[in-house]
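Report on the following structure.
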Ligand SMILES: CC(C)CCC[C@@H](C)[C@H]1CC[C@H]2[C@@H]3CC=C4C[C@@H](O)CC[C@]4(C)[C@H]3CC[C@]12C
């Protein structure tokens with residue numbers, strides 16, 4: 098797998114399905130505010146949203162999208178130069194959050210003990226995950242290079258912390274993410290970037306990342322700092338990512354530039370500052386020329402036209418005048434033209450919950466805890482939203498009873514496939530695989546559905 102083009106044609110060729118069985122429900126009649134006003138100050142997993150705001154995948158499945166562009170890790174592994182390796186790791190970090198554009202539905206909260214695995218002959222990785230804690234909700238995962246992790250291993254856990262304000266919801270995905278490049282004896286760590294979902298009360302929903310991500314190569318102390326630009330005076334800044342690779346003495350050695358919704362480029366450090374200046378100038382010019390309406394106090398007042406306060410998302414960045422020696426590290430695979438009828442799923446997301454007769458015959462058996470066997474998600478996917486809601490309630494009730502029974506016996510839940518360990522370089526407490534999952538012995542799995 099050498100590029101996103103190859104990845105896309107492989108997905109098109111081998112994908113079982115490229116659509117969900119039925120398109121999504123009409124949400125225009127549901128007032129999100131009537132639900133969200135009860136949520137202020139609450140934890141994301143404790144919020145009971147009507148099922149019509151869900152998308153028919155669980156968080157475990159959605160987090161699998163983070164590793165779709167794992168060919169970038171293969172590329173990193175193939176580079177002999179540490180700066181080149183770092184730039185591909187940075188591209189992987191940006192690519193891993195790219196599928197979230199316009200994805201404004203809530204995945205199902207995984208049940209405690211739920212698992213999800215992903216392997217496919219045409220994709221160069223294997224992945225599995227488990228919900229290891231319910232309150233707070235923690236999903237642990239590990240992704241290996243195709244050769245059973247001989248070249249690289251990417252692992253970590255995600256705890257989405259949500260903060261509601263009057264207009265917005267900010268989600269900070271807590272948890273250390275680690276990449277090991279085995280042949281280079283390198284360990285990289287970083288944490289996910291924070292995002293905000295805007296206009297949860299009035300207006301149209303939209304999504305942005307903001308803040309910085311620091312990727313550290315602990316073996317040679319090289320660092321990448323990526324800056325996700327918040328939406329500002331210029332629509333050209335929307336979705337922009339700018340960053341530097343710094344050597345162990347904190348000297349800038351390479352520039353990184355792009356849009357997390359489109360592509361990431363690596364730029365010679367000699368040309369980078371002047372390139373940035375040029376971009377700023379052009380952005381200013383463009384925002385002057387366009388009829389784009391900036392957020393004014395009038396537009397953001399309550400009861401305003403719902404289209405106000407929404408940035409112009411159709412800005413095109415095609416005419417980037419990249420300096421010589423620039424490199425396109427990553428480019429997003431194209432959106433399906435009918436994506437908006439299917440929760441804005443990518444071609445990869447569409448097949449996450451697929452499980453056909455054919456799969457049953459050719460794929461090694463899945464554990465009974467796999468998300469694909471969750472009845473509520475399956476029923477929602479098939480279009481029966483009322484029955485899906487009933488099933489969801491039943492599963493949550495079943496989970497509650499198990500927990501209460503355990504509390505009475507003073508027992509603690511033990512995840513099946515992960516254990517807590519001290520991180521070998523940072524010393525943090527992290528979830529690591531107990532190396533048993535791929536032995537595929539399902540005899541001790543809990544009954545959660
Ligand atoms: C209709 C509204 C108000 C509810 C929908 C909220 C949705 C958009 C929220 C709820 C939880 C959020 C997710 C929580 C955690 C992560 C992991 C991070 O690495 C990328 C963003 C991502 C994947 C978030 C995307 C947005 C998200 C799915």
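Numbering (the numbering used here), first residue to last: 98 to 546.
Every residue, glycine too, gets a C-beta built ideally from N, C-alpha and C.
Values in this document were obtained by computation on a predicted structure and should not be read as measured data.
Please report how far the alpha carbon of residue i lies from the alpha carbon of residue j, in whole angstroms.
| i | j | result |
| --- | --- | --- |
| residue 204 | residue 501 | 25 Å |
| residue 271 | residue 453 | 34 Å |
| residue 391 | residue 382 | Low confidence applies to residue 391: its pLDDT is 43, below 50, so where it sits in the model is not reliable, and the reading given next is rough at best. Distance between the alpha carbons of residue 391 and residue 382 is about 14 Å. |
| residue 529 | residue 124 | 39 Å |
| residue 449 | residue 115 | 10 Å |
| residue 273 | residue 520 | 10 Å |
| residue 113 | residue 360 | 27 Å |
| residue 102 | residue 301 | 32 Å |
| residue 378 | residue 195 | 26 Å |
| residue 287 | residue 311 | 6 Å |
| residue 163 | residue 425 | 20 Å |
| residue 283 | residue 246 | 14 Å |
| residue 505 | residue 233 | 20 Å |
| residue 308 | residue 146 | 28 Å |
| residue 481 | residue 290 | 35 Å |
| residue 292 | residue 541 | 38 Å |
| residue 161 | residue 241 | 12 Å |
| residue 496 | residue 488 | 12 Å |
| residue 544 | residue 376 | 56 Å |
| residue 338 | residue 503 | 47 Å |
| residue 172 | residue 451 | 29 Å |
| residue 237 | residue 438 | 30 Å |
Given residue i, which residues of its chain have a CB within under 6 Å of its CB, disregarding the five upstream and five downstream residues?
| i | result |
| --- | --- |
| residue 199 | 441 |
| residue 231 | 209 |
| residue 212 | 227, 464, 466 and 467 |
| residue 193 | 163 |
| residue 276 | 251 and 285 |
| residue 513 | none |
| residue 486 | 148 |
| residue 267 | 260 and 293 |
| residue 318 | 345 |
| residue 258 | 269 and 271 |
Answer yes or no: the CB of residue i versus the heavy atoms of ligand 1, is any distance below 6 Å?
| i | result |
| --- | --- |
| residue 289 | yes |
| residue 464 | no |
| residue 270 | yes |
| residue 240 | no |
| residue 257 | yes |
| residue 150 | yes |
| residue 197 | yes |
| residue 342 | no |
| residue 337 | no |
| residue 557 | Because the chain is modelled from 98 through 546, residue 557 falls outside the range shown and cannot be assessed. |
| residue 203 | yes |
| residue 176 | no |
| residue 474 | no |
| residue 580 | Any property of residue 580 remains undetermined from this structure, which presents the chain solely from 98 to 546. |
| residue 297 | yes |
| residue 429 | no |
| residue 194 | yes |
Kindly list the residues whose CB is nearer than 8 Å to the CB of residue i, restricted to its own chain and excluding five residues on each side of it in sequence; keep chain order.
| i | result |
| --- | --- |
| residue 479 | 118 and 119 |
| residue 100 | 168 and 428 |
Just checking my contact of residue i with residue j at CB under 8 Å: how many whole Å lie between their CB atoms?
| i | j | result |
| --- | --- | --- |
| residue 256 | residue 229 | Residue 256 to residue 229, Cβ: 10 Å. No contact. |
| residue 297 | residue 264 | 7 Å |
| residue 352 | residue 321 | About 11 Å; that fails the 8 Å criterion. |
| residue 156 | residue 206 | 7 Å |
| residue 191 | residue 104 | Residue 191 to residue 104, Cβ: 15 Å. No contact. |
| residue 538 | residue 516 | No, residue 538 and residue 516 are not in contact; Cβ-Cβ is about 17 Å, not under 8 Å. |
| residue 325 | residue 534 | Contact flag wrong, Cβ pair sits at about 33 Å. |
| residue 183 | residue 314 | 6 Å |
| residue 527 | residue 316 | Their Cβ separation, rounded to whole angstroms, is 18 Å, which puts residue 527 and residue 316 out of contact at 8 Å. |
| residue 474 | residue 154 | 7 Å |
Here's a check: name, in chain order, each residue in its chain whose Cβ is nearer than 7 Å to the Cβ of residue i, leaving out the five neighbours to either side.
| i | result |
| --- | --- |
| residue 174 | 248, 249, 278 and 280 |
| residue 420 | 364, 365, 368 and 372 |
| residue 202 | 150, 151, 152 and 440 |
| residue 546 | 470, 471, 472 and 492 |
| residue 417 | none |
Is there a Cβ of chain D sitting closer than 7 Å to that of residue i, yes or no?
| i | result |
| --- | --- |
| residue 241 | Structure shown: chain D not included; a single protein chain is present. |
Exercise. Could you say if the stretch 502-511 and the stretch 458-473 meet the contact criterion of at least three C-beta pairs nearer than 8 Å?
Key: no
Quiz prompt | Cβ contact check for the stretch 104-112 and the stretch 443-450: 3 or more pairs under 8 Å | solution = yes
Quiz item: Counting pairs of Cβ atoms below 8 Å between the stretch 213-230 and the stretch 162-181, do you hit three or more?
Solution: In the pairwise beta carbon analysis, the stretch 213-230 is classified as touching the stretch 162-181: at least three pairs are separated by under 8 Å.
Quiz prompt | Inter-stretch contact (C-beta, 8 Å, three-pair minimum) for the stretch 184-192 and the stretch 469-478 | solution = In short, these stretches do not touch, since the Cβ pair count stays below three.
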